[in-house]
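A quick write-up on the structure given underneath.
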Amino acid sequence: MTAFLNTAVAAAREAGQLLRDNFESELNVNEFCAHDIKLELDVLSQELIAARILRDHPTHAIYGEEGIAGDQQSEHQWIVDPIDGTVNYFYGIPHFCISIAVRRAGEIILGVIYDPMRDELWQVQAGGEVTMNGAPCAVSQRSELKDAVLSVGFSKTRSTIDAGLPLFENMITRARKCRLMGSAALDMAYVASGRLDAYIEQVVSLWDVAAGKILVEAAGGRVEMKPHPDLPDKISIVASSGRIPLT
Ligand code: LIP
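Going letter by letter, the sequence shown gives residues 9 to 255 in my numbering.
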């Protein structure tokens, strides 16, 4: 496990340097969508991460936002989001990260989330302590929605936005604040560190939330992930301190 953790941390830091080096520079756009942007740098970042992982663990599998690599029959699957918060990145908003998780036989056993702009690295292995830059993390102790700050995500399509609006309306009138921060993985790292009390989104991908799941649970929080009823490989998620009534 420690070898896996060392690889995940090294890969996240290498990709983090690439993202810092190219931040606010001329970026090649692969695709502009109504509510999303696909960058060449997403692909380059994943290639860098995959190269490090397969160099250290040549028999393992990679499942990432920019595609798969390695032996897909392997019991070890690395779940990678090379830039989580790509739209923020494109607009020069310094709120994005790299997210790397390892799943073995269906169980997530390790998570690393790295914010290269604030140089904040969250890490945890199954059964271990969650840390951010080496300091222990824990979810917030707040227990009332009126005192809570939540982050809500709307994903990337008109239908997901429409689906999220009633929830947002319900929360924004009852919580202290509702934020739309644009990075699911950083939202979950912030829940694990007690900066946010909850993160809710109705349509995300496994690579957005896999590392965050083990971080939040190990920090004393709760993560409810349900397969989306109509969209394959999509998940609805509620990640929270577990202390705030969210219904
Ligand atoms: C983003 C998520 C965010 C969601 C966006 C997008 P990406 O991931 O972190 O929560 O609202 O639609 O999915 O595409 O930047 O990796």
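Here a beta-carbon is modelled for each residue, glycine too, at the ideal position from N, C-alpha and C.
Per the C-alpha coordinates, the member of A197, D123, W130 positioned closest to H103 is D123. Residue range 84 to 92 is occupied by the beta strand (DSSP E) that includes D89. Looking at the DSSP output, E115 sits in a beta bridge with R112. Closer than 7 Å to some heavy atom of ligand 1: that describes the Cβ of K164. Membership of Q81 in any beta strand (DSSP E) is not indicated, and neither H nor E is assigned to it by DSSP.
Placement of the Cβ of E137 at a distance of 7 Å or more from every heavy atom of ligand 1 is found. Taking 7 Å as the cut-off, the C-beta of T67 does not count as close to any heavy atom of ligand 1. One alpha carbon belongs to S53, the other to P237, and they sit about 31 Å apart. Taken atom to atom, the span from the alpha-carbon of E152 to that of P253 is near 7 Å. Judged by DSSP in its simplified three-state form, R230 adopts strand.
F31 has its alpha-carbon roughly 32 Å from the corresponding atom of V231. Annotation for G172 indicates a beta carbon at 7 Å or more from all heavy atoms of ligand 1.
Three or more pairs of CB atoms, one per stretch, sit closer than 8 Å, so the segment 234 to 250 contacts the segment 206 to 222. The closest heavy atom of ligand 1 lies 7 Å or more from the beta carbon of A206. The continuous stretches of alpha helix (DSSP H) do not include V147, and DSSP gives it neither H nor E. Per DSSP, reduced to three states, the secondary structure at T139 is strand. Measuring C-alpha to C-alpha distances from L56 to each of H68, C41, L47, A18 identifies A18 as the nearest.
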